[in-house]
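According to our numbering, the sequence shown is numbered sequentially starting from 1. Below is one structure; the comments refer to it alone.
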Amino acid sequence: MDLSLRYAILGYLSTGPGTGYDLARQFDTGLGWFWSARHSQIYPELKRLTEDGLITRDTTMVSENMDKYIYSIAPEGLAVLRDWASKPPTYAPNRDTERLQLIFSDDSPESLREHLETHRDHFRRRREKLQATIDTIRAGEHERINSRLARRGPEEAALTLQLREMAYVGDIERADLEIAWAERGLAWLDSHEHKPKSRQPDTGGDD
Numbered sequence: 001m002d003l004s005l006r007y008a009i010l011g012y013l014s015t016g017p018g019t020g021y022d023l024a025r026q027f028d029t030g031l032g033w034f035w036s037a038r039h040s041q042i043y044p045e046l047k048r049l050t051e052d053g054l055i056t057r058d059t060t061m062v063s064e065n066m067d068k069y070i071y072s073i074a075p076e077g078l079a080v081l082r083d084w085a086s087k088p089p090t091y092a093p094n095r096d097t098e099r100l101q102l103i104f105s106d107d108s109p110e111s112l113r114e115h116l117e118t119h120r121d122h123f124r125r126r127r128e129k130l131q132a133t134i135d136t137i138r139a140g141e142h143e144r145i146n147s148r149l150a151r152r153g154p155e156e157a158a159l160t161l162q163l164r165e166m167a168y169v170g171d172i173e174r175a176d177l178e179i180a181w182a183e184r185g186l187a188w189l190d191s192h193e194h195k196p197k198s199r200q201p202d203t204g205g206d207d
């Protein structure tokens, strides 16, 4: 069982009710910046949370042959979420595929430029999307966060916004570091590739 997925779902529903489709879409966009999940993982977890009494499920008829399930957080689920969020952070063992590839690319140096350019471009795109998200929040145009703010007092609302500012800006700064790191690597590669090759010493041998 993916405990972090469990808390991500509880966190999402702590803002307001949602369907499984709503959650899947969030993991493709908002929550996906900090925790990703496949659609095939979300629905079994919703079932487990319902069975554990941490969320409730209401049924709405969409058509004669189709029902839609709407999930809401239960008081027990909110208590579990608050307990988890109040604990010190934990960190998974480091698994960095990119750095692992890099340190072993000395056997394939011809791939280094593509590696560094791909890394730089990935974080440029990530930074752009993160910036767009925080700009939307700052402009008061983020629908889900506005729903969360609507039921909070001024001080609570300020905290809600500040925490999201810290989270998104922190990831933007992390992206900036990765972009700068890749660009330094590319600059080093440029100088290395253009460095004149040393001449072989003349041995003075006969022609």
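Even glycine gets a Cβ: it sits at the ideal position worked out from N, Cα and C.
Round the Cβ separation of E117 and L186 to the nearest angstrom and send it over; I've been treating them as touching at under 8 Å. 7 Å
Runs of alpha helix (DSSP H) lying entirely within the segment 28-90, each at least 4 residues, in chain order: Qualifying alpha helix (DSSP H) stretches, in chain order: 39-51, 75-85.
Does the separation of the CB atoms of Y69 and T59 fall below 8 Å? yes
Taking the alpha-carbon of H39 as reference, which of L23, L10, T15 has the nearest alpha-carbon? L23
Between which residues of its own chain and G253 is the CB-CB distance below 7 Å, once the five residues before and five after are set aside? Only positions 1 to 207 of the chain appear in this structure, which leaves residue 253 out of reach.
Selected residue, minimal CA-CA separation from G18, among R164, I55, F34: I55
For T160, the three-state DSSP class (helix, strand or coil): helix
Note down, in chain order, each residue of its chain lying with its Cβ closer than 7 Å to the Cβ of S105, except the 5 sequence neighbours on either side. S111, L112, H115
Return yes when the Cβ of A175 is within less than 8 Å of the Cβ of R126, no when it is not. Contact flag set, yes.
Looking only at its chain, what residues have a beta carbon closer than 8 Å to the beta carbon of S4, apart from the 5 residues adjacent to it on each side? W35
Alpha-carbon spacing of D207 relative to E193, whole angstroms: Low per-residue confidence applies at D207: pLDDT is 49, beneath 50, and the placement is therefore not dependable enough to give any value.
Using three-state DSSP, classify H115 as helix, strand or coil. If DSSP states are grouped into helix, strand and coil, H115 belongs with the helices.
Looking only at DSSP bridge pairs, what is G18 linked to? Y71
Beta-carbon spacing of R152, T160 below 8 Å: yes
With distances taken from CA atoms, which of E156, G11, E173, V169 is nearest E76? G11
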